[in-house]
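Peer 1: When we follow our numbering, the leftmost residue of the sequence shown carries the number 8, and every step to the right adds one. The beta-carbon is built from N, C-alpha and C at its ideal position, and this holds for glycine as well. My questions will all concern the structure given below.
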Amino acid sequence: MDFRQRTRHEITRDVRITAAGFAQELVKTAVASLQRAAISDSDPDVVRLFDEVDALVDRFRSHHRELSNARVLRRGNRLARPTDPGVPEPARPFSYVGTYFGAYSDFDAFARGALGFTGRVHPRTDMAGIGLDMHLQRHFWTVEREGTLYAFRLGDEGGEGEAQQAEHVRRLLRARFGDDGVDEALPVYAGKFASVTEFVRDFLWRLPFPTWLLIHVDVTTLGYEWSVDRSIFTLAAGEGKMHVFIRRDPLSHWRYRLPV
Numbered sequence: 008m009d010f011r012q013r014t015r016h017e018i019t020r021d022v023r024i025t026a027a028g029f030a031q032e033l034v035k036t037a038v039a040s041l042q043r044a045a046i047s048d049s050d051p052d053v054v055r056l057f058d059e060v061d062a063l064v065d066r067f068r069s070h071h072r073e074l075s076n077a078r079v080l081r082r083g084n085r086l087a088r089p090t091d092p093g094v095p096e097p098a099r100p101f102s103y104v105g106t107y108f109g110a111y112s113d114f115d116a117f118a119r120g121a122l123g124f125t126g127r128v129h130p131r132t133d134m135a136g137i138g139l140d141m142h143l144q145r146h147f148w149t150v151e152r153e154g155t156l157y158a159f160r161l162g163d164e165g166g167e168g169e170a171q172q173a174e175h176v177r178r179l180l181r182a183r184f185g186d187d188g189v190d191e192a193l194p195v196y197a198g199k200f201a202s203v204t205e206f207v208r209d210f211l212w213r214l215p216f217p218t219w220l221l222i223h224v225d226v227t228t229l230g231y232e233w234s235v236d237r238s239i240f241t242l243a244a245g246e247g248k249m250h251v252f253i254r255r256d257p258l259s260h261w262r263y264r265l266p267v
C-alpha cells in the first residue's frame, strides 16, 4: 500500500466513523424525544429536539475537524516511526499511527478489550457506541481490514500512564451514561496497585473522611470484605502488581462498615 492509498484509507475511515457515530446519536436523540412525548400529555417538544440536533451537529463537526487535524500531525510519523513487525500483516501499513493494541471481530469486542472487561454487561450498555467514541475522541485509531477490526492506541509517545488512560475511559462513560450509569453499566478500572490493601488505602484517602478516622481503619480487612462481597475484583498485572476493577461502589453495600 503506497502513501496515497494509506492517506485515502485514513480519511475514508475517519469519515465513516464520524458518519456512523452521528447517525447513531441522531436516532437516539429522536427516539428519546418521541419517548418523552409518549409518556406525557403534551406534544413533542420540537424546539428542544432541534436544539439537541444542533448540538449534535456541532459536536460531530468538531470530531471531524479534530480527526482531520490529527491525521495531518501524524504525517511525520510515517517516516520517523519504523514498521512494527508484531502488527498483523493487514494492519501493518498503519503501524505508524500508534501503538498496536489488538485485533477484534467488531466494535463491541474492541470496547470490551479496551476496557479490560470480559464478563456480562448491563443490557443498556452500548458497547459498540463506546468503541466508536474511543475512535472519535482519539484515544484509539481503528481500521477494518479483511473483516477484522485492528486498533492502535494513540498518545503513547507522551508517556501517558495507565491511570490517565483509565480516566479517559471513565470520562467517556460518564459523558454517555452519567455518573450513576457508569456504576450500573460495567466495572470501573481503578488502577494498578501492589496489593488490594494499597488500593483500599488510596480509595479511602480520596473520600471526605477525617484523617483521624482513616488512620485507624483496618484496610487489610476492608479489602478482604470488598473482594468477598464482589464489590471489587483484580487481574494480575505482572511484576507482582494487580489491576483493580470496581464492580459497584463498596460504600453502598449493605455489609459495609469501617472496621476501626
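1. For the candidate residues Asp209, Lys35, Ile239 and Asn76, whose alpha-carbon lies nearest to that of Val60?
2. Check whether the Cβ atoms of Thr149 and Leu156 lie closer than 8 Å to each other.
3. Round the Cβ separation of Gly247 and Val203 to the nearest angstrom and send it over; I've been treating them as touching at under 8 Å.
4. With DSSP as the reference, identify every bridge partner of Ile239, one or two as the case may be.
5. Tell me whether Trp233 is buried or exposed, calling it buried when 16 or more other Cβ atoms sit within 10 Å of its Cβ.
6. Looking at the structure shown, is Phe117 part of a helix, part of a strand, or coil, going by DSSP?
7. Tell me where the beta strand (DSSP E) around Leu143 begins and ends.
8. Here's the rule: buried if 16 or more other CB atoms are within 10 angstroms of the residue's CB, otherwise exposed. What is His146?
9. Are the segment 102-113 and the segment 44-62 in contact at 8 Å, needing three or more beta carbon pairs?
10. For the beta strand (DSSP E) holding Gly151, just list the boundary residues, first then last.
11. Please say whether Asp113 and Ala135 have beta carbons closer to each other than 8 Å?
12. Rounding to the nearest angstrom, what Cα-Cα distance links Gly162 and Gly109 in this structure?
13. Quick one: what's got a C-beta closer than 8 Å to Ser49's C-beta in the same chain, skipping five residues either side?
14. With H, G and I counted as helix, E and B as strand and the rest as coil, what does DSSP make of Ala44?
15. DSSP has Ala158 in a bridge; who is on the other side?
16. Near Arg237, what residues of its chain come up, given a Cβ to Cβ distance below 7 Å and the 5 sequence neighbours on each side ignored?
17. Roughly how many whole angstroms lie between the Cα atoms of Asp9 and Arg81?
18. One question on the structure: do Ile137 and Ala118 come within less than 8 Å of each other, judged by their Cβ atoms?
19. For Gly230, does the three-state DSSP call read helix, strand or coil?
20. What does the Cβ neighbour count give for Gly154, buried or exposed, with the cut at 16 atoms within 10 Å?
21. Take Phe240 and list the residues in its own chain whose beta-carbon comes closer than 6 Å to its own, dropping the five residues that flank it on each side.
22. Kindly indicate which three-state DSSP category Ile24 falls into: helix, strand or coil?
23. Suppose you measure from the CA of Ala201 to the CA of Arg23; what does that come to, to the nearest Å?
24. How big is the Cα-Cα spacing for Val64 and Thr19?
25. From the DSSP output, in three-state form, read off Ala197 for me.
26. Assuming Val226 and Arg213 make a contact with CB atoms under 8 Å, what is their CB distance in whole Å?
Peer 2: In terms of the structure at hand:
1. Ranked by how close their Cα comes to the Cα of Val60, the residues Asp209, Lys35, Ile239 and Asn76 have Lys35 in first place.
2. Yes.
3. No, Gly247 and Val203 are not in contact; Cβ-Cβ is about 13 Å, not under 8 Å.
4. Bridge partners of Ile239: Ile253.
5. Per the 10 Å Cβ criterion, buried.
6. Residue state, collapsed to three classes: helix.
7. DSSP places Leu143 in no beta strand (DSSP E) but in the uninterrupted alpha helix (DSSP H) bounded by Met134 to Leu143.
8. It is buried - the Cβ of His146 has at least 16 other Cβ atoms within 10 Å.
9. No, the segment 102-113 is not in contact with the segment 44-62.
10. Note on residue identity: the sequence assigns Glu, not Gly, to residue 151. Taken as a continuous stretch (DSSP letters only), the beta strand (DSSP E) holding Glu151 covers Phe147 to Arg152.
11. Going by C-beta atoms, Ala135 is nearer than 8 Å to Asp113.
12. For Gly162 and Gly109, the gap between their C-alpha atoms comes out near 16 Å.
13. For Ser49, where only same-chain residues beyond five positions count, there are no Cβ hits under 8 Å.
14. Annotated three-state conformation of Ala44 is helix, per DSSP.
15. For Ala158, the pairing in a beta bridge is given by DSSP as Gly109 and Thr149.
16. If we look at Arg237 and ignore the five residues flanking it on each side, its Cβ neighbours are Arg254.
17. The straight-line gap from Cα to Cα measures roughly 16 Å.
18. Contact: yes.
19. In the three-state scheme derived from DSSP, where H, G and I count as helix and E and B as strand, Gly230 is classed as helix.
20. Exposed, since its Cβ has fewer than 16 Cβ neighbours within 10 Å.
21. Within the same chain, Cβ atoms closer than 6 Å to the Cβ of Phe240 are found at Phe252, the five residues on either side in sequence being excluded.
22. Three-state result, Ile24: helix.
23. For Ala201 and Arg23, the gap between their C-alpha atoms comes out near 42 Å.
24. If you take the alpha carbons of Val64 and Thr19, they lie about 19 Å apart.
25. DSSP places Ala197 in strand when its eight states are reduced to three.
26. That pair is no contact at about 13 Å.
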